[in-house]
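**Student:** Using full-length UniProt numbering, the first residue of the sequence shown is number 1, and each one after it goes up by one. We put the CB at the ideal spot given by N, CA and C, even for glycine.
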Amino acid sequence: MMKTEDIIPCREDCEYTSCYCEENVWKLCEFVRTKRTGPLEQLFVVFVSNDNRMVPLWKQKSGRGDQPVIWDYHVVLLQVALQSDALIYDLDSELPFPCNLKVYGAKAFRSDCHIRPEYHRKLRVVPADSFLQNFASDRSHMKNPDGTWKMPPPPYPPIHTTESHMNLDDFISMDPAVGWGTVYSLDRFLQRYTGTSSSSLASSSSASSSSSSAAAAPR
């Protein structure tokens, strides 16, 4: 019998380009749709950001020690199956792949109670099929004013739809009236998918660090 996590390839077999997390997750969703490894309805794409586009995440590969990385946004894949704990797939994390959402919440999100308000996280949760149908990016956000790349792009062509070549901002936006899916505060997200608040999860983890001392990470 297929285990829940077998819906996605192992980390080493996933298509991955550094600093293009939204496209990495799009490729994971495309894999499930194409290979039919499991129900696409179990999968949700999660954009993590806020109005300031400054969100701390711990246990990122680009972090240093126990300091968080400050992303303008980050994207992970959420799997929700009946009679099974929710799982997070984060190709940029040091945590297991996949990672139980309760563990990811405690170790990667921690709690907004311990960080300044301008760093508080919001999450836009989009069903995988909707993301595959609607997401488009011409990668212009990854270009410098002179046209050079901030980071090398993926080897495949940019993702687009018949309606759009660039709507990434609609997914990063945490305005509930914009874009697709549902926008949650961190606590509401964790309550929805784990039944536990972020402060409860974080109390089971080691001491939280202040995000104000973390260096910003480029996107």
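Could you give the distance in angstroms between the alpha-carbon of Pro-39 and the alpha-carbon of Leu-91?
**Tutor:** Between Pro-39 and Leu-91, the C-alpha separation is close to 21 Å.
**Student:** Excluding the 5 residues flanking Asp-138 on each side, which residues of the same chain have their C-beta closer than 6 Å to its C-beta?
**Tutor:** Hits under 6 Å: Pro-158, His-165 and Met-166.
**Student:** Which residues does DSSP list as the beta-bridge partners of Asn-24?
**Tutor:** According to DSSP, which records beta bridges pairwise, Asn-24 is partnered with nothing at all.
**Student:** Counting only runs of 4+ residues fully inside the region 8 to 94, write out the alpha helix (DSSP H) ranges in chain order.
**Tutor:** 21 to 35, all fully within the region 8 to 94.
**Student:** Cβ atoms of Gln-79 and Ile-8: under 9 Å apart, would you say?
**Tutor:** Yes, the pair counts as a contact, with Cβ atoms nearer than the cut-off.
**Student:** Could you pull the DSSP bridge partners for residue 220 from this structure?
**Tutor:** Lying outside 1 to 219, the shown extent of the chain, residue 220 is not represented and no answer is given.
**Student:** Going by alpha carbons, who is nearest to Phe-135 out of Glu-30, Thr-17 and Asp-6?
**Tutor:** Checking every option, the nearest Cα to that of Phe-135 belongs to Glu-30.
**Student:** From the DSSP output, in three-state form, read off Val-103 for me.
**Tutor:** It is helical.
**Student:** Which residue wins for smallest C-alpha separation from Thr-148, given the options Phe-131, Asp-170 and Ser-140?
**Tutor:** The option with the nearest alpha carbon to Thr-148 is Ser-140.
**Student:** In chain order, what residues of the same chain lie with their CB nearer than 8 Å to the CB of Gln-133, ignoring the 5 residues before and after it?
**Tutor:** Hits under 8 Å: Thr-161.
**Student:** Hey, quick one: how far does the beta strand (DSSP E) through Ser-185 stretch, first residue to last?
**Tutor:** Element bounds for Ser-185: 182 to 185.
**Student:** Below 9 Å between beta carbons: does that hold for Ser-93 and Gln-67?
**Tutor:** Contact flag unset, no.
**Student:** Spatial neighbours of Asp-129 within its chain, please: C-beta separation below 7 Å, excluding the five flanking residues on both sides.
**Tutor:** Correct list, in chain order: Leu-40.
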